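Numbers -17 to 223, taken from this note's numbering, label the letters of the sequence shown in order.
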Amino acid sequence: VAYSIKEAIAKLKQIVEKKPNSLLAQRELAEKYYENDQWTLATEEYKHVIDNPNHFQSDDERYVVLLYFAKNYTESLQRAQAQLDKNPSSFLMKRMRFINAAQLEKWEDAERYAEPFFAAGSEDNLFSSNDYSTYGDVLKKLGKTEASLAAYEKAVTINPEKTEPLKDLSSAYSVAAGDEQDPAKQAELYKKAAQYYQQYIDKADFSTNDMFVLAGRYNNVMASAQNNEDKEAAFKKALET
-17 VAYSIKEAIA KLKQIVEKKP NSLLAQRELA EKYYENDQWT LATEEYKHVI DNPNHFQSDD
43 ERYVVLLYFA KNYTESLQRA QAQLDKNPSS FLMKRMRFIN AAQLEKWEDA ERYAEPFFAA
103 GSEDNLFSSN DYSTYGDVLK KLGKTEASLA AYEKAVTINP EKTEPLKDLS SAYSVAAGDE
163 QDPAKQAELY KKAAQYYQQY IDKADFSTND MFVLAGRYNN VMASAQNNED KEAAFKKALE
223 T
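The following block contains the structure:
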């Protein structure tokens, strides 16, 4: 019999009530809550799994992830570190420690945690675009502009179909251009900022505000252009936008 998620949750709740010590039922109920985007309930139910003396280490790591999605970043970070104390090679826990620190705006800690995380990559341990875009955010907050651009570039390369990294990358290039003193380099940075925002517009369900931002990007290109050809091209794109 095929059940909807809500029906499955109701059935599993009945089983858990009848067999409160059933690790399997507790785990399955928590997973169904997770699938139904009920992060808080999923976390609460998985706490029962963790408290069950028969649980596995994989359950501990799963709980760290659920705490993150429930936005309980402090406890998730603490538990990720505790798991790494037991198993220093856990790729998932290195990721969770890094992204939790970033969510808590502990920028220096996040940068420090990023080093062993990115060093642990392999054929089995693959990075996501979110890993690199988060790293880009951390580096940008620390004032490491060039390194942040490289991280955002990587985020775009890993998942070309994901559109948000394109906006992040455009923003990072625009900020870098504003800080650049060399007119020629500044012009190139503004061109890249416009290029990546245009790519975002071409791929995403954009808003009116996105078009306003893109027009501003082309205005920056026009204002910083080092030759009439680039200035004219940017002027036409700004009008078109």
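Heads up, the beta-carbon is just placed ideally off N, CA and C, and yes, glycines get one too. As the structure is a computational prediction, the values presented were derived from the model and not from experiment.
Checklist line | Rounded separation between Asp33 and Phe109 - CA only | finding: 31 Å
Notebook entry, point to check: Under 8 Å between the Cβ atoms of Leu66 and Val31?
Noted result: no
Check: What is the rounded straight-line gap between the Cα of Pro70 and the Cα of Lys144?
Finding: 31 Å
Checklist line | Beta-carbon contacts of Gln168 that lie in its chain and below 7 Å, excluding the five residues immediately before and after | finding: Ala159, Glu162 and Ser206
Notebook entry, point to check: Which of helix, strand or coil does DSSP assign to Gln85?
Noted result: helix
Notebook entry, point to check: When you compare only the Cα positions, how much space is there between Gln60 and Asn191?
Noted result: 39 Å
Margin query: Between Lys76, Ile(-9), Pro2 and Pro165, which has its C-alpha nearest Phe99's C-alpha?
Written below: Lys76
Margin query: When you compare the CB positions of Glu97 and Val120, do they come within less than 8 Å of one another, or not?
Written below: no
Checklist line | Per-residue DSSP class, three states only, for Asp192 | finding: helix
Check: Any idea what DSSP makes of Asn209, helix, strand or coil?
Finding: coil
Item checked: Proximity winner among Ala132, Asn202 and Met193, relative to Pro165 (alpha-carbon distances) -> Asn202
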